[in-house]
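Start counting the sequence shown at 1; every next residue gets the next number (UniProt numbering). All C-beta atoms, glycine included, are put in the ideal place defined by N, C-alpha and C. Some notes on the structure that comes next.
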Amino acid sequence: MKKKLIQHTTEHFEKIFQKAPEHIFLSPGRINIIGEHVDYNDGFVMPAAINKYICFAISKNTDTNVTLIAQDLNETYKFDLKDELKPLDKMWVNYILGVLHQLKSKGLTNGFNIVFSSTIPMGAGLSSSAALECGIGYAMNKLFNLSLTKEQIALIGQKSEHTFVGVNCGIMDQFASVFGKKNSVIKLDCNTLAYEYYKADFKKYSLLLLDSNVKHTHLTSGYNVRRQEVEEGLAIIKEHFPQVKTFRDCSEVMILGLKEELGETIFKRCHFVVKEIKRVLDAAKALNDSDFKRLGQLMSETHQGLSKEYEVSCEEIDFLVDAVHHEKTVLGSRMMGGGFGGCSINLVEKGSEKELIEKISTQYRNAFGIELKAYKVKISKGTSLYKD
Ligand code: GAF
Numbered sequence: 001m002k003k004k005l006i007q008h009t010t011e012h013f014e015k016i017f018q019k020a021p022e023h024i025f026l027s028p029g030r031i032n033i034i035g036e037h038v039d040y041n042d043g044f045v046m047p048a049a050i051n052k053y054i055c056f057a058i059s060k061n062t063d064t065n066v067t068l069i070a071q072d073l074n075e076t077y078k079f080d081l082k083d084e085l086k087p088l089d090k091m092w093v094n095y096i097l098g099v100l101h102q103l104k105s106k107g108l109t110n111g112f113n114i115v116f117s118s119t120i121p122m123g124a125g126l127s128s129s130a131a132l133e134c135g136i137g138y139a140m141n142k143l144f145n146l147s148l149t150k151e152q153i154a155l156i157g158q159k160s161e162h163t164f165v166g167v168n169c170g171i172m173d174q175f176a177s178v179f180g181k182k183n184s185v186i187k188l189d190c191n192t193l194a195y196e197y198y199k200a201d202f203k204k205y206s207l208l209l210l211d212s213n214v215k216h217t218h219l220t221s222g223y224n225v226r227r228q229e230v231e232e233g234l235a236i237i238k239e240h241f242p243q244v245k246t247f248r249d250c251s252e253v254m255i256l257g258l259k260e261e262l263g264e265t266i267f268k269r270c271h272f273v274v275k276e277i278k279r280v281l282d283a284a285k286a287l288n289d290s291d292f293k294r295l296g297q298l299m300s301e302t303h304q305g306l307s308k309e310y311e312v313s314c315e316e317i318d319f320l321v322d323a324v325h326h327e328k329t330v331l332g333s334r335m336m337g338g339g340f341g342g343c344s345i346n347l348v349e350k351g352s353e354k355e356l357i358e359k360i361s362t363q364y365r366n367a368f369g370i371e372l373k374a375y376k377v378k379i380s381k382g383t384s385l386y387k388d
């Protein structure tokens, strides 16, 4: 699949520009084992890059002109790098312009041509947007020797999303895309950006993604509202407990004691965050100890919190999680990513996937009239220059 992607992106570049691209870059999507909606709450997350990529075929230009070609969308956007870059009403272009806008102040002056194509399903919660931002940042850095660190590339991607796209996301997706490592899960401290790799050895289990094939439009608005709600909550908590700097310093008891004052909604959001931060630490231990039963339990608890307290799930995803709940071959299941659609991530017994997919697909079709998609993903390395 990777080879095919590279081949058809390269061929398209050659067809359009009448010569071979100078470089090929690959930028992966991500999964997240656990730690949802806590990256922007100074928590810990456990993502990993996966073997689904955006492929970029790139060559430098001799002037300041830029041509961007989104092969899958059959769309082209051309501009002069000397012009002021502003958000447009074309989303895919904005992810890229947001990165280039920042890179111009870090020494990017040279034009280039890009064709890109992807195997990361869009809107499935696998972070195709972070892969796009980070792929561009990484490629520009290599092509024009901008001397950026990997951390800077991830932060530039995140800022692009804030300023040119309007989603006030955390750092998890971009970090996973850039720092991904084959067969390793990243445990990232989103407060300090310190990270360590955990061996992604799930022994007789595997990770299965069930794609609901729905994307509810309130992803952007709902996401930003959640951020405001938890900020409001944290401000109240700090008034009562001056020693608290971030959610990481909060205990469940503190939150419970402020239930009245926080009000029902903000209380639920804060309660989820405090519990989820703790769950990630427990999950890291479970993974280290190969205690997959415990890991699965924690994943399922996360889902309940996301659905009932953080309220970022949706009917279709809740259905998929409930549907596997009593399956003996499934240890844990939860919605993954920003929510309001996308995929559930499931820890399942190896060999049981096919039967499970068939069973859940039928149930899902009967309930919603929607075709389920399923992905068995491998954990792969982060954004990189591809060499034969
Ligand atoms: C989206 C965001 F981009 C991430 O930063 C993260 O908050 C995630 O939702 C939820 O954990 O993918």
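Under 7 Å Cβ to Cβ from Arg294, same chain only, skipping five residues before and after it: list those, please.
Ala286
Note down, one range per segment and in chain order, each alpha helix (DSSP H) of at least 4 residues found wholly within the region 349-375.
353-368
One or two residues paired with Asp83 in a DSSP bridge
Per DSSP, none; premise fails for Asp83.
Consult DSSP for Val5 and reduce its assignment to one of helix, strand or coil.
According to the sequence provided, residue 5 is Leu. The question's Val does not apply to it. Residue state, collapsed to three classes: helix.
Since Asn346 and Leu208 are thought to touch, with beta carbons under 8 Å apart, how far apart are those beta carbons, to the nearest angstrom?
About 5 Å separates the beta carbons of Asn346 and Leu208, which is inside the 8 Å limit, making them a contact pair.
Any heavy atom of ligand 3 closer than 7 Å to the CB of His37?
With respect to small molecules bound, the structure shown includes ligand 1 and not ligand 3.
Using the Cα positions of Asn224 and Lys19, report the straight-line distance between them to the nearest angstrom.
Rounded to the nearest angstrom, the two C-alpha atoms are 44 Å apart.
Tyr195 in three-state terms, based on DSSP
Reduced to three states, the DSSP call for Tyr195 is strand.
Which partner residues of Lys181 appear in the DSSP bridge assignment?
Ser184
Grab the span of the alpha helix (DSSP H) containing Leu97 for me, first residue to last.
Start and end: Met91 to Lys104.
For the alpha helix (DSSP H) containing Asp318, name the first residue and the last one.
In this chain, the alpha helix (DSSP H) harbouring Asp318 covers Glu315 to Val324.
When Thr163, Cys343 and Ala176 are compared against Lys373, the one with the closest alpha-carbon
Cys343
Quick check: is any heavy atom of ligand 1 less than 7 Å from the C-beta of Gly170?
yes
When you compare only the Cα positions, how much space is there between Lys278 and Arg269?
15 Å
Please determine if the region 185-192 and the region 320-327 are in contact, where contact requires at least 3 C-beta pairs separated by less than 8 Å.
no
Between the C-alpha atoms of Tyr195 and Lys15, what's the straight-line distance to the nearest angstrom?
42 Å
Since Lys215 sits in a beta bridge, which residues does DSSP pair it with?
Gly341
For Lys106 and Leu81, which I take to be in contact (beta-carbon distance under 8 Å), what is that distance rounded to the nearest angstrom?
Contact doesn't hold; Cβ gap of about 13 Å is too wide.
Could you tell me which uninterrupted beta strand (DSSP E) segments, each at least 3 residues in length, are contained entirely in the UniProt domain "Galactokinase N-terminal" (11-60), listed from first to last along the chain?
23-32 and 47-60
Cβ-based burial, Ala139 [other Cβ within 10 Å; buried from 16]:
buried
Taking the alpha carbon of Phe202 as the point to measure from, which residue in Ile153, His8 and Asn288 has its own alpha carbon closest?
Among Ile153, His8 and Asn288, the Cα nearest to that of Phe202 belongs to Asn288.
With C-beta atoms as the reference, is Asp211 less than 8 Å away from Tyr364?
In this structure, Tyr364 does not lie closer than 8 Å to Asp211 by Cβ.
Quick check: does the Cβ of Tyr40 come within less than 7 Å of any heavy atom belonging to ligand 1?
yes
In chain order, what residues of the same chain lie with their CB nearer than 6 Å to the CB of Lys350, ignoring the 5 residues before and after it?
Lys204 and Ser206
Gly137 classed as buried or exposed, judged by whether at least 16 other C-beta atoms fall within 10 angstroms
buried
Nearest-angstrom Cα distance between Ala176 and Ser380?
Between Ala176 and Ser380, the C-alpha separation is close to 10 Å.
Kindly indicate the opening and closing residues of the beta strand (DSSP E) around Leu108.
Note, Leu108: premise wrong, no beta strand (DSSP E); not H, not E.
Alpha carbon of Thr67 to alpha carbon of Ile360, nearest angstrom
43 Å
Residues of its chain near Asn168, where Cβ-Cβ distance is below 6 Å and the 5 sequence neighbours each way are ignored
Excluding five sequence positions before and after Asn168, the CB atoms of its chain that fall closer than 6 Å to its own CB belong to His162, Asn224 and Arg227, given in chain order.
Just checking my contact of Val45 with Val280 at CB under 8 Å: how many whole Å lie between their CB atoms?
That pair is a contact at about 7 Å.
Are there any heavy atoms of ligand 1 lying less than 7 Å away from the beta-carbon of Asp211, as far as the coordinates show?
Incorrect: Asp211 has no Cβ contact closer than 7 Å to ligand 1.
Where Thr220 sits in the DSSP three-state scheme:
helix
Could you tell me which of Phe17, Tyr40, Phe368 and Asp173 sits nearest to Ser128, measuring between CA atoms?
Nearest option by C-alpha distance: Asp173.
Check the DSSP bridge columns for Gly332 and list the partner residues they point to.
Leu347
Give a yes or no on contact between the region 114-122 and the region 51-63, applying the rule of three or more CB pairs nearer than 8 Å.
yes
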